[in-house]
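Report on the structure given below.
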C-alpha cells in the first residue's frame, strides 16, 4: 500500500497546526505506524529524536513512557483544553491505541533530553530540593526524582525547556484545562510566578549537558 499520500496529508496538517490554522487533514484515520508518524509528523515541531529546538514545543526525548501515553490519550480524547493544546495538537483524535503505544515507546527510547548549559538557578534549586515548607510546597524531587527523571505517569522534567515548564505550572493551576494534573493543584496555587520561573530554570539545567 502506498503510504505517501498519508504522510503528505499528515505533514501538511501538522504544519497548518503549527501556524495556527485548520488541522482537518489530521482527523483522518491513518495506517502509519507510530515510528513513521514520529519521523514524518512529530519531528516537524518536536525534532527527529524529540529534542525540540523551540521552547514552544516540549522536548520528548527520554520522556516517561506511561506519561507519554497518558498525554497522547488526552489529546486524542480532547482532555487537554488549554488554548495552545487545542491549537497545536487538537487534530490527533485519529490516533489509535497502537500508534499511541508506538509513539511513546519511540520517544521514551531516545537519549534523554539535553540540559541547558546555563548556570543553575539557586532559588530554583531550593524549591526543587527542599520545597517551601512555609507555604506548604513539597520538594519537586519528592515526585520527579532527585535527578528530575520522573517515574511512570510522573514526567521527566530534567532538561525540559524552562519557559515551557513555567507556562505549564501556570496552566496546571486550572484543573479544568488539565484534569490529570489535579495532584499538582495545591502546589501550583502556592507558587508565585517568579518561583515557577526559578524552579523551571533549575530543572532545565538538570541532566546531561550538550
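In our numbering, the protein residues as written are 362 to 571.
All C-beta atoms in this analysis are idealised placements derived from N, C-alpha and C, irrespective of residue type, glycine included.
Secondary structure of residue 570 (DSSP, three-state): strand. Within the segment 389 to 464, the runs of alpha helix (DSSP H) that reach at least 4 residues and sit entirely inside it are, in chain order, 395 to 398, 404 to 407, 426 to 437, 444 to 450. In the structure shown, residue 503 falls within a helical segment according to DSSP collapsed to helix, strand and coil. In this structure, DSSP gives residue 473 a state outside helix and strand, which the three-state scheme calls coil.
Taking a cut-off of 8 Å on C-beta distances, the segment 412 to 429 touches the segment 518 to 535, as three or more cross pairs fall below it. Contact annotation: residue 431 and residue 541 have beta-carbon atoms nearer than 8 Å.
A direct Cα-to-Cα measurement between residue 478 and residue 486 gives close to 15 Å.
Residue 555 sits exposed, since fewer than 16 C-beta atoms from the chains shown fall within 10 Å of its C-beta. If you look at residue 547, you'll find it in the alpha helix (DSSP H) that goes 546 to 551. With fewer than 16 other Cβ atoms inside 10 Å of its own Cβ, residue 396 counts as exposed. For residue 500, same chain residues with a beta-carbon under 8 Å away, outside a window of 5 residues either side, are 488, 489, 490, 491, 492 in chain order. Under the 10 Å beta carbon count, residue 419 is surrounded by 16 or more other beta carbons and is classified as buried. Straight across, the Cα-Cα distance linking residue 547 with residue 416 is about 26 Å. In terms of CA proximity to residue 480, 560 leads the group 467, 560, 525. Beta-bridge annotation (DSSP): residue 512 is paired with 515.
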